[in-house]
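Comments concern the structure below.
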Amino acid sequence: MTALLQLEAVSVAIGTVPLLDGIGLSLERGRILGLVGESGSGKSLTAMAAMGLLPLIGGRVTGGAVRFDGQDIGAMTDAQRRALRGGRIGFVTQNPMTALDPVQRIGEQVDVVSRLHLGLSHRAARARTLELLTRLRIPEAEAVAEAWPHQLSGGMKQRIVIAMALAGEPELIIADEPTTALDVTVQAQIIQILGALVRDRGLALLLITHDMGVVAQVCDRVAVLYAGRLAEEGPVGPIFAAPAHPYTAALIGCIPQDGMAKGALRGIPGAVPSALAFPPGCRFHPRCPRASDLCHRIAPLPTPRAEGRVACHHASPPPEGQP
Amino acid sequence: MMAWPAPLRALGHPMGGLAGGWLLLVAAAAVLAPFLTPYAYDVQDLPQAYQPASAAHWLGTDEFGRDLLTRLIYGARTSLSVSAAAIAVSVLCGMVLGAAAAWFGGWPDRAVTVAVDLTWSFPEILIALILVAIIGPGTTGVMVAIAVAYLAQFTRLTRAQIMTLKGETFVEAARCLGAGTGHILFRHLLPNALAPVLVSAMLATGDAIILEATLGFFGLGAQPPVPSWGGMMSAGSALVFKAPWVIIFPGLAVAITVVAINLYGDALIAELDIRQKLRRTA
Chain D
1 MTALLQLEAV SVAIGTVPLL DGIGLSLERG RILGLVGESG SGKSLTAMAA
51 MGLLPLIGGR VTGGAVRFDG QDIGAMTDAQ RRALRGGRIG FVTQNPMTAL
101 DPVQRIGEQV DVVSRLHLGL SHRAARARTL ELLTRLRIPE AEAVAEAWPH
151 QLSGGMKQRI VIAMALAGEP ELIIADEPTT ALDVTVQAQI IQILGALVRD
201 RGLALLLITH DMGVVAQVCD RVAVLYAGRL AEEGPVGPIF AAPAHPYTAA
251 LIGCIPQDGM AKGALRGIPG AVPSALAFPP GCRFHPRCPR ASDLCHRIAP
301 LPTPRAEGRV ACHHASPPPE GQP
Chain B
1 MMAWPAPLRA LGHPMGGLAG GWLLLVAAAA VLAPFLTPYA YDVQDLPQAY
51 QPASAAHWLG TDEFGRDLLT RLIYGARTSL SVSAAAIAVS VLCGMVLGAA
101 AAWFGGWPDR AVTVAVDLTW SFPEILIALI LVAIIGPGTT GVMVAIAVAY
151 LAQFTRLTRA QIMTLKGETF VEAARCLGAG TGHILFRHLL PNALAPVLVS
201 AMLATGDAII LEATLGFFGL GAQPPVPSWG GMMSAGSALV FKAPWVIIFP
251 GLAVAITVVA INLYGDALIA ELDIRQKLRR TA
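Protein chains in written order, with the numbering used here: chain D, 1 to 323; chain B, 1 to 282.
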């Protein structure tokens, strides 16, 4: 099966500043790919590139290609790309509190997506909206459709944003930190809803998050970004069991565990370097416990390991019994 | 859920209700003027000149024996319609200019900003006087003068609003869902910018009434015998000691109306402020 979304060694720059360097990812229908990394690692930029929205922030693809269902997004016309966004690619924004227009009723905002992309009439679009809201387990869908955004809670708003993303019958959903602004109980519900959509309707989901806990819960594969480069990518199970890249290991070390001694939760010392001053060699070496001379000079390339890839000179060997 | 629109809800505020009531009264009087008074505004009755308030002439008469209340009501017609129409034109042009500047950026933005800053470096009255001098005295000249004098304010406000809104997540979200420029501009940006611009237009109408009265006082507004509040004050200024009511009542009409507009505007701000409500519920 060919991948629905494929990033082939994509490099991105804003102005003259290179931000993403050779990111390769692929996502198939019915799968969830988690994209993780700290703030500033290039997660959201990767999503912008996947939707062809880079010109909006003054960025451009400087190398590689983004393919959606085999077609190169970079070679499309603006109109084709616009039809893709909201149509075949749905997008769930980071902050539901501000993702809805405060002066439009909820229903209108969802209606307009299916009117634009499916060519539905007002009446048919509203029927579809109500159906979507009901399916997302929103009680009293008709009353909610007539409500204003400020009358809804955060979790409710995020469901509306998901309904908007689904209204155009997408095949791929890109969710940019969909749960970051929500409280914990609501987070679990939203993640559950997104997971169910993928299972029941065969959608592909690119889940951008910095929460490794969420990744462990729902994702099939995970890609770890660091400072604009891919650090490690592969199936969730093996990576959580035995991370090869020291950065992945450090991220996993940041998840609170049962029975952890007080104060045992580890952070990662230092911060993601600024794009204006990426260190030479491996960009993680200033914060890396395994850094050697080699890491200061030469950037490691992603190499196959088990069912994934890792970019590290000192990757942990795979556990016994695996190639 | 509140079903009433904000302008009606503003009447529920104690001051907003009082002020709104006065404005409705003045507007209704202006519209119904011919049915409210037995006198004509332009027929002279010299034996009745300089009469103080009486049962026949509630607010007295002027130097030509014309009923002051009648002229005040007809004057409201001129003053209110000229001010409101001028502000409406000003708001429309200002929104177009401001939105274009904010949306396109680059040289259109710089051109608009420089022009706005230039007009702001002159007092409004000076701009108005120059324009009236060019166009000639009369209601048209005053209307254009007021519209241009307040254009900068609405341009600047709309530009600032759109600039802020452009970065909002819901605009980004609309774009991510495939919305085009027209949809974003007319369905998201302008409707969100509308409330503050309308409130500011409301308050500017008060200032415009004062400007209109000032121009009328200089004899540049509606030409006699058509009454305007400013023109009436101008005539009354010569009679301050002989018949003070001739200047006092038009002056009071201007003052009370402008205060009422401001009070009603405050109530409207309280009702319209969607953002603040958003913060309260969030």
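Glycine included, C-beta positions come from ideal geometry on N, C-alpha and C.
- Below the 8 angstroms Cβ cutoff, chain B contributes C176, L177, G178 and A179 as neighbours of G86 of chain D, in chain order.
- The distance from the Cβ of L35 of chain D to that of A250 of chain D is about 17 angstroms, inconsistent with a contact at the 8 angstroms cut-off.
- Separation of the CB atoms of T158 of chain B and G94 of chain B is rounded to 6 angstroms, and the pair is thereby assigned contact status at 8 angstroms.
- Straight-line measurement puts the Cα of V226 of chain B at about 10 angstroms from the Cα of M232 of chain B.
- Below the 8 angstroms Cβ cutoff, chain B contributes A173, C176 and L177 as neighbours of F91 of chain D, in chain order.
- Shown here for A13 of chain D: same chain residues with a beta carbon closer than 7 angstroms to its own, the five before and five after excluded, namely L19, G59, R60 and T62 in chain order.
- Put simply, the backbone Cα of Y226 of chain D is about 20 angstroms away from that of T16 of chain D.
- No Cβ-Cβ contact shorter than 7 angstroms links L118 of chain D with D69 of chain D.
- Against chain B, a Cβ distance below 7 angstroms from A99 of chain D picks out T169, F170 and A173.
- Looking at the backbone, the Cα of H150 of chain D and that of L116 of chain D are separated by about 25 angstroms.
- Excluding the 5 residues flanking it on each side, H314 of chain D has same chain C-beta neighbours closer than 6 angstroms at R290, in chain order.
- The alpha carbon of D67 of chain B has as its nearest neighbour, out of B:A174, B:T257 and B:Y50, the alpha carbon of B:Y50.
- E271 of chain B sits in a helix when the DSSP states are folded into three classes.
- Contact check for I269 of chain B and L23 of chain B: beta-carbon distance about 16 angstroms, past the 8 angstroms limit, so the pair fails to qualify.
- As a beta-bridge residue in DSSP terms, T303 of chain D pairs with D:V310.
- By the neighbour-count criterion, in which 16 or more other beta carbons inside 10 Å mark a residue as buried, A243 of chain B falls on the buried side.
- Contacts with chain D at 7 angstroms (Cβ-Cβ) include P191 of chain B.
- Among the residues of chain B, those whose CB is under 8 angstroms from the CB of A83 of chain D are G178, following chain order.
- Under the 10 Å beta carbon count, K43 of chain D is surrounded by 16 or more other beta carbons and is classified as buried.
- At least 7 angstroms separates the beta-carbon of L97 of chain B from that of F249 of chain B.
- Against chain B, the CB of V103 of chain D has a partner CB under 7 angstroms away; the residue lies at that interface.
- S79 of chain B is a Cβ neighbour of W229 of chain B, given a cutoff of 7 angstroms.
- Under a 10 Å Cβ-count criterion, E140 of chain D is classified as exposed, with fewer than 16 other Cβ atoms of the shown protein chains found around its own Cβ.
- Neighbours of H117 of chain D in chain B, taken as residues whose beta carbon is under 9 angstroms from its own, are L177 and G178 in chain order.
- Excluding sequence positions up to five before and after L136 of chain D, its CB lies within less than 7 angstroms of the CB of R159, I162, A163 and I193, all in the same chain and listed in chain order.
- At least 7 angstroms separates the CB of H57 of chain B from every CB of chain D.
- Comparing alpha-carbon positions, the option among D:A49, D:D78 and D:L54 lying closest to V66 of chain D turns out to be D:A49.
- Cβ-Cβ distances below 7 angstroms link P279 of chain D to P273, H285 and P286 in the same chain, with the five nearest sequence neighbours on each side left out; the list follows chain order.
- One thing to note: A6 of chain B has its Cβ within 7 angstroms of the Cβ of E271 of chain B.
- Under DSSP, the beta-bridge partners assigned to L5 of chain D are D:L27 and D:F68.
- Selection B:L252, B:L203, B:Y264 and B:G182 evaluated against A76 of chain B yields B:L252 as nearest (Cα-Cα).
- At the C-beta level, V113 of chain D and L177 of chain B come within 7 angstroms of one another.
- Rounded to whole angstroms, M143 of chain B and R156 of chain B show a C-alpha spacing of 21 angstroms.
- Chain-ordered, the chain B residues with CB closer than 7 angstroms to the CB of V113 of chain D read L177.
- In this structure, the straight-line span from the alpha carbon of A261 of chain D to that of A271 of chain D is close to 25 angstroms.
- Scanning the region 44–93 of chain D from its first residue to its last, the whole alpha helix (DSSP H) runs of 4-plus residues come out as 78–84.
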